[in-house]
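A short worksheet on the structure shown next.
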Amino acid sequence: MTSAGSTATRQLPGTGEEWHRLSLWAALPTALALLRPRVLATLLPGLLATVIVLREVLPDGRWGFAATVGGAAVAGLGGWIGWALAWRHRFRYRVDAAGISLRSGVLHRNEVRLEWERVRNVDVRQAFYFRPLDRVTLILEGTGGSEEVISVPAVTRAVAEDVRRRAIAVPTVGTSAPLEVTTPEAAVADGVLHRPSPAALLTHGAINGRAFALLLAGIGVLYSVLNPFLEEAELVRGVAEQVSGLAVESLTGWLLLAVPVLLLLSVVLVVISAVAALVLYWSFTLSVDGDRYLFTQGLVETQERSLRATKLQALTTVETAVGRLFGRCHLLVHKATTSADSDGEQEDGSLLVPALSTREGATLVQRLDPAAAPRPPLQQVERAFRRFWLQRLLAVVVILAVVAVVGAAVWLDADGAVLMLLGVLAAAVILATVALIHTAWRNWGWALDGTVLFITHGVFGRHHVVFRLDRVQHVAVTRSPYQRRHGLATLRLALPDGDRTIPFLDEADAVELANRTVHRVETDPHLEL
Numbered sequence: 011m012t013s014a015g016s017t018a019t020r021q022l023p024g025t026g027e028e029w030h031r032l033s034l035w036a037a038l039p040t041a042l043a044l045l046r047p048r049v050l051a052t053l054l055p056g057l058l059a060t061v062i063v064l065r066e067v068l069p070d071g072r073w074g075f076a077a078t079v080g081g082a083a084v085a086g087l088g089g090w091i092g093w094a095l096a097w098r099h100r101f102r103y104r105v106d107a108a109g110i111s112l113r114s115g116v117l118h119r120n121e122v123r124l125e126w127e128r129v130r131n132v133d134v135r136q137a138f139y140f141r142p143l144d145r146v147t148l149i150l151e152g153t154g155g156s157e158e159v160i161s162v163p164a165v166t167r168a169v170a171e172d173v174r175r176r177a178i179a180v181p182t183v184g185t186s187a188p189l190e191v192t193t194p195e196a197a198v199a200d201g202v203l204h205r206p207s208p209a210a211l212l213t214h215g216a217i218n219g220r221a222f223a224l225l226l227a228g229i230g231v232l233y234s235v236l237n238p239f240l241e242e243a244e245l246v247r248g249v250a251e252q253v254s255g256l257a258v259e260s261l262t263g264w265l266l267l268a269v270p271v272l273l274l275l276s277v278v279l280v281v282i283s284a285v286a287a288l289v290l291y292w293s294f295t296l297s298v299d300g301d302r303y304l305f306t307q308g309l310v311e312t313q314e315r316s317l318r319a320t321k322l323q324a325l326t327t328v329e330t331a332v333g334r335l336f337g338r339c340h341l342l343v344h345k346a347t348t349s350a351d352s353d354g355e356q357e358d359g360s361l362l363v364p365a366l367s368t369r370e371g372a373t374l375v376q377r378l379d380p381a382a383a384p385r386p387p388l389q390q391v392e393r394a395f396r397r398f399w400l401q402r403l404l405a406v407v408v409i410l411a412v413v414a415v416v417g418a419a420v421w422l423d424a425d426g427a428v429l430m431l432l433g434v435l436a437a438a439v440i441l442a443t444v445a446l447i448h449t450a451w452r453n454w455g456w457a458l459d460g461t462v463l464f465i466t467h468g469v470f471g472r473h474h475v476v477f478r479l480d481r482v483q484h485v486a487v488t489r490s491p492y493q494r495r496h497g498l499a500t501l502r503l504a505l506p507d508g509d510r511t512i513p514f515l516d517e518a519d520a521v522e523l524a525n526r527t528v529h530r531v532e533t534d535p536h537l538e539l
């Protein structure tokens with residue numbers, strides 16, 4: 011067997027010019043994938059049709075009902091296992107010197123061919139049930155989008171490593187000069203750039219708000235599904251009777267009852283978030299190997315990702331509101347990708363480096379991209395940003411506050427004490443709105459250092475973005491009617507992983523920055539985009 015740029019090596023099972031079948035274990039992840047809600051929703055009509063047919067054929071009564079349920083269960087289980095086995099039986103893959111080919115599908119046949127020079131990312135993932143078998147799932151992502159994503163489950167690690175070496179040995183189409191990876195061996199042991207402790211991962215989960223949003227969204231979905239059943243449950247009525255028996259008649263009493271409940275819920279959410287981060291980023295390691303960065307993480311599923319330095323698009327240092335108090339942050343490494351299809355990637359496909367101190371984050375940014383060495387002083391966006399939002403958002407808040415107070419006085423016939431309380435609350439909301447708008451304006455900043463652009467924004471937390479101008483694919487300078495009247499503009503820079511925007515720039519600055527970006531892209535383009 012030969013691979014690009016290497017001499018003949020020992021033939022590995024599953025590689026070569028012939029087509030190969032998957033191991034029987036490949037049916038397991040396929041079967042588990044069928045349990046996803048989206049797939050189950052697609053199969054539900056067929057299961058309901060089976061139940062209807064059985065009810066028409068079988069007699070009524072207890073035995074008929076049991077036979078219907080049993081028949082539907084057998085049909086569903088048989089179809090579930092049968093489809094997974096059929097998919098595995100029909101799957102073929104072939105690895106040769108030029109690339110990898112794949113044939114799959116039960117009813118509809120798919121055939122994909124991916125040349126090594128078009129491979130953008132190579133991931134190796136190992137679920138917990140594959141660890142005793144030393145089997146992994148190999149995922150290759152091409153430059154052509156979602157149509158060029160190949161997943162080969164249940165292959166041996168030797169095959170996966172051989173495929174990864176082949177893909178890495180061949181430069182991607184249009185490869186430009188790689189970034190200089192300045193990582194002194196004396197400063198980095200065994201090429202490891204970051205390896206947080208379990209305590210640091212727990213801290214990261216406790217101060218990172220992403221898990222809270224996911225958890226609350228899940229609680230909302232679960233409640234909407236179970237609400238019809240909960241309304242009829244005797245337990246709910248019993249709890250309601252116990253709560254009504256507390257005889258809480260004053261606002262102070264309700265606050266005394268609500269505060270410990272909210273504190274307990276907050277503690278539970280923090281603990282769940284911390285444990286989730288520990289499981290997701292267990293044994294996280296960011297290391298460097300030549301011109302590649304290696305990301306390894308996961309307890310339930312071990313994920314191994316590689317990213318060439320030339321394919322790094324941007325870096326974002328994220329400081330949450332709580333993280334700023336403790337001097338903690340995390341780093342998003344942006345890459346050109348088709349989608350985020352796993353828990354280890356964010357919604358935009360970026361890779362997250364967790365549990366960093368502020369100093370470690372700055373050092374890591376400089377190591378990943380030496381051109382991003384210390385951030386220069388930032389220039390704030392124009393004051394018109396603050397004036398624009400004060401004139402509009404504040405007007406809406408004031409109108410709502412006046413309507414609330416007048417409505418309470420006219421329709422609810424509230425007394426003076428209640429109206430005074432509402433007035434104080436309305437004033438507090440107005441002041442908070444003014445403070446938030448001012449903070450958002452103060453935190454918007456940008457700076458251009460040679461060919462590297464720095465952008466900072468945020469209200470409670472901070473996002474510090476840095477990228478090279480040659481990564482930009484499209485530049486747009488837009489002006490709203492308000493901006494045209496005041497000589498302002500918004501600059502939008504499109505990168506392969508998403509847009510970066512700087513609002514309310516002076517029009518001359520926006521045009522100058524756009525021209526510099528276009529000149530950089532035309533004279534020295536980043537050819538791997």
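Just so we're aligned, residue 11 is where the sequence shown starts under the working numbering, counting upward by one.
No residue lacks a Cβ here, since even glycine has one placed at the ideal position from N, Cα and C.
If you're wondering where the values come from, they're calculated on a predicted model, not measured in any experiment.
Beta-carbon proximity check, L378 vs L322, cutoff 8 Å: yes
Alpha-carbon spacing of A36 relative to R98, whole angstroms: 6 Å
Neighbour-count burial assignment, S207, 16 or more Cβ in a 10 Å radius: exposed
Reduced DSSP category for H99 - H, G, I as helix; E, B as strand; rest coil: helix
When F477, Q401, Q313 and V475 are compared against T443, the one with the closest alpha-carbon: Q401
Length-filtered (3 minimum) beta strand (DSSP E) runs lying within the stretch 435 to 487: 455 to 459, 462 to 467 and 472 to 478
Alpha carbon of L498 to alpha carbon of A394, nearest angstrom: 9 Å
Proximity winner among V328, L32 and L342, relative to D507 (alpha-carbon distances): L342
Separation of F336 from E329, as counted between CA atoms: 10 Å
T500 beta carbon less than 8 Å from that of L479: no
Whole-angstrom distance between Y303 and A137, CA atom to CA atom: 22 Å
Check whether H344 and A319 have beta carbons under 8 Å apart: no
Secondary structure of D133, DSSP reduced to three states: strand
Per-residue DSSP class, three states only, for W29: strand
Euclidean distance between Cα positions of W456 and V476: 10 Å
Cβ-based neighbour list, G471, same chain, cut-off 6 Å, excluding 5 preceding and 5 following: E329, T330 and A331
P384, buried or exposed, once every other Cβ within 10 Å from all chains shown has been counted against 16: exposed
First and last residue of the uninterrupted alpha helix (DSSP H) at P364: That residue, P364, is in no alpha helix (DSSP H); its beta strand (DSSP E) goes L361 to S367.
Which listed residue (L309, A108 and L273) has its alpha carbon closest to that of L288: L309
Coarse secondary structure for A324, derived from DSSP in three states: strand
Start and end residues, beta strand (DSSP E) containing T40: It is not in any beta strand (DSSP E) - T40 instead sits in the alpha helix (DSSP H) that spans A37 to A43.
Stretch-stretch touch, CB-based, cutoff 8 Å, three pairs: the stretch 163 to 173 with the stretch 140 to 149: yes
Distance between beta carbons of L211 and Y291, contact taken as under 8 Å: 5 Å
L432 - DSSP class collapsed to helix/strand/coil: helix
Cα-Cα separation, V416 to I512: 40 Å
Short Cβ contact (8 Å threshold) for V180 with E158: no
Residues that DSSP places opposite F305 in a beta bridge: L296 and R315
Bridge partners - G109, DSSP secondary structure assignment: E125
Proximity winner among V391, H30 and A438, relative to P408 (alpha-carbon distances): Before going on, a small fix: residue 408 reads as Val here, not Pro. Checked all of V391, H30 and A438; the closest Cα to V408 is A438.
N- and C-terminal bounds of the alpha helix (DSSP H) containing L335: A331 to F336
Classification of L42 by the beta-carbon crowding that lies within 10 angstroms, buried from 16 upward: exposed
Beta-bridge pairing of G152 - partner residues as DSSP gives them: V129
Alpha carbon of A382 to alpha carbon of G215, nearest angstrom: 27 Å
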